[in-house]
Each structure stands twice: as structure tokens, then as C-alpha cells.
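First residue of the sequence shown? That's 933 in my numbering, and the numbers climb one at a time after it.
Glycine residues also receive a C-beta, built at the ideal position from the N, C-alpha and C atoms.
Structure record follows, encoded as C-alpha cells.
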Amino acid sequence: MIDPFGRAITYLRISVTDRCDFRCVYCMAEDMTFLPKRDLLTLEELDRLATAFVDKGVKKLRLTGGEPLVRRNIMHLIRSLSRHLGTGALEELTITTNGSQLERFASELADCGVKRINVSLDTLDEVKFKAITRWGDLAKVMAGIRAAQKAGIKIKLNAVALKGFNDGEIPEMLRWAHGEGMDLTLIETMPLGEIDGDRTDQYLPLSAVRAGLSERFTLADIPYKTGGPARYVEVEETGGRLGFITPLTHNFCESCNRVRLTCTGTLYMCLGQEDAADLRTPLRASESNELLSNAIDEAIGRKPKGHDFIIDRETRKPAVSRHMSVTGG
Ligand code: SAM
């Protein structure tokens, strides 16, 4: 699949549920209305959709959410999709998780061929963790991380950089993650969906974080890539890798290789634009994949050049009205 800007689309992210067992303050309002269960695609339908994308050249599949591991019977889907690793059609099957259910699922994930996962963790402080996630328990996440490591799964930590919340803690997180053999990636907060707070108060440009870190650490740019938008440096003092995902301070859309499917079968060709394609109707219209395949081609033909996120005092509304938990971060 090649889009109008010559980019090969080889990466599909699937939000398998919009529900989550956390309520991170920059991601969701506390009182969220979720989709009625009857609107969700079944696991069999998600499998059929994902397989159609694999047949069309997708090499990397990531399940996300909401929290992917809270979707009932999610391991059925993961086990079933792992057959594409067996045939070589798929190069990587992975998840992004908050870690809350990882202790329970880590060994089964490893057994399904999941080799590395992203765990979202914004602080190492138990009290702050509770404050940012509203409902989370840091000890459970830590147990999940340990279980995944024991199962042989590599972990990359993702932390959203938030002004006045974790900026002072980033050096400590960096030392801890690298000491435990994990990469750490920092993410700029993106203007997605209405939340209870003001994003201008939270927004911390990573250019400033990097400048601050450079006073304490020796950061060397490296060409390392994981198929995503992060740009990496190697930290001489720890020997580990630190990634920066900078949708606001540095737009990376020119190398975008991905599209995002929601749990209702809506395909978003860009995280930061409203345009979407309905794949549920062609999926359900026939048992053959012809209609679906045509709908996917048509959607890829509409992939926009990029997003235009802005966070400032004048721009009060989010760039798109849907939350990250809908499209899958
Ligand atoms: N529940 C899973 C998790 O916590 O990783 C997967 C879904 S979550 C929406 C994926 C990632 O998006 C998390 O790392 C989260 O911190 C990040 N995220 C959510 N809202 C965001 C926003 N407005 N800006 C930047 N990152 C955001």
C-alpha cells in the first residue's frame, strides 16, 4: 500500500477497546462515556480486518486502546494473529499497555511471539502515579514490568512529559530505565479530545527537556529506529537509549508509515486529522474480502500529508475531538 505522498504503509495500530482501567488526566476526562459493547467489532472481525491488512503488506501490528489487556478474551485475538508471525507474513506483533494487567498476561504474550512491548509510565513516585492516572496502582505496573522481563519480553517505557509534574524526575527515570535494560521514550502531550484540565498548563516542549538533560548527560544522536517517529540519542553515562517523540516541536509526518483502526472498524489515516474510512460496512457486507480490500485502497489514497497540532493560549479547542483512547496512542 503506497499513499499519495509515496509513503509505504506497513504498520497498523488497532485500538481493540476504548475502555481503560486508568483515567490519565491528559488523556481522558474522569467521567468518560464509552462505546456501547454492541458497537464493538468482535474479536473474529478484528482478526479478519487485521489479516486483510497483513495480506496487503502490513508487516507490523500493534494492539492498543484504551487498555488492550482489559478487552475480554484479548489473548484469543493475539494468539490467532500470531499465526502471521509463523508464516513470516508479519514481522512484529506487539502491544502498548499501561502494565496493569501485564503480570497476568506476560508469559502468554511471550508464548505468542510478542518480543517487545511499550509500557506507558509517567512517574516512579507512587503518590504522583495515583494522581496522574487517577485510578492506577504503581506496584501492579512494576510487577507487570518484572513479569514481562522474566518472560523475555523487551520493554520500552513511554512517558508523556508534563510541565510541573515529571520534568524534574526525568533524569531519575532515565537512570532507572537504563539500569533495568529498558529504553525510555519521552512524548509531547498532544491536543486530542476534551479533558478536564488545560493542556497549555501541561505542555512541555521536548526541545527544552533535551536542553536540560544535556547539562547533566552526554547525549549523542544515533540513527536507531523502531519503525516509529521517535528520534533517539544514546546516553553516554548510562549506555542506554532515550527517544523523543515530538509531534509539536518537530513534525515527523514525512516518514509516516502507519494507519489506525478503531474497535468499531473506523480507519484513521492520521492521528491528528478527522478524516476516516468506515471498514465495518464492507467487512460485514460480504464474506469475501473484495469490498474490504477496495475500501482500504480508497482510504490509503486519502492519507493526508500530516497533522497540524498546536497548543497555545489562543487555540482552546483540541486539534481533533476524539481522545487518544479512541484512535489508540
Ligand atoms: N492504555 C495503553 C497505555 O497506557 O499505553 C494504550 C493506550 S494509551 C492512549 C497510549 C499512549 O498514549 C500512552 O503512553 C499515553 O500516555 C499516551 N497518551 C494519551 N493521551 C495523550 C495525549 N493527549 N498526548 C500524548 N500522549 C498521550
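(Q) For the ligand SAM, is there any heavy atom lying closer than 8 Å to the beta carbon of CYS1185? (A) no
Q: Select from GLY1111, ASP1099, ILE1154, CYS1188 the residue whose C-alpha is nearest the C-alpha of GLU1120.
A: ASP1099
Q) Applying the criterion that 16 or more other CB atoms from any shown protein chain within 10 Å of the CB defines a buried residue, is ARG1168 buried or exposed? A) Note on residue identity: the sequence assigns Glu, not Arg, to residue 1168. Exposed.
Q | Contacts around GLU1166, its chain only, beta-carbon distance under 7 Å, and the 5 residues preceding and following it disregarded | A | ALA1152, ILE1154, ARG1173.
Q: Drop a sphere of 10 angstroms on the beta-carbon of VAL1059, count the other beta-carbons inside from all chains shown, and report buried for 16 or more, exposed for fewer.
A: exposed
(Q) Just checking GLY1096 against the ligand COA - is the residue's beta carbon closer than 8 Å to any of the ligand's heavy atoms? (A) Ligands in the displayed structure: the ligand SAM; the ligand COA is not one of them.
(Q) Could you tell me the alpha carbon to alpha carbon distance between LEU1223 and ALA1209, rounded to whole angstroms? (A) 13 Å
Q. At a cut-off of 8 Å, is MET1122 close to the ligand SAM when judged by its beta-carbon and the heavy atoms of the ligand?
A. yes
(Q) Helix, strand or coil, according to DSSP, for ALA961 in the structure here? (A) coil
(Q) Distance check for CYS1188 and ARG1148, CA to CA, integer angstroms please. (A) 32 Å
Q) Does the beta-carbon distance from GLY1020 to ALA940 come in below 9 Å? A) Taking 9 Å as the Cβ cut-off, GLY1020 and ALA940 do not qualify as a contacting pair.
**Q.** Which listed residue (ALA1083, GLY1125, ASP935, ALA961) has its alpha carbon closest to that of ARG1036
**A.** ALA1083
Q) Alpha carbon to alpha carbon, what distance is there between PRO1236 and LYS1095? A) 31 Å
Q.
Could you compute how far the alpha carbon of THR983 sits from the alpha carbon of GLY1144?
A. 45 Å
Q. Is any heavy atom of the ligand SAM found at a distance shorter than 8 Å from the C-beta of PRO1000?
A. Distances between the C-beta of PRO1000 and the heavy atoms of the ligand SAM include at least one below 8 Å.
Q | Exposed unless 16 or more other CB atoms sit within 10 angstroms - verdict on LYS992 | A | Counting every other CB atom within 10 Å of its CB across the protein chains shown gives LYS992 a total of 16 or more, marking it as buried.
(Q) If you follow the alpha helix (DSSP H) that LYS1082 is in, where does it begin and where does it stop? (A) Element bounds for LYS1082: 1070–1082.
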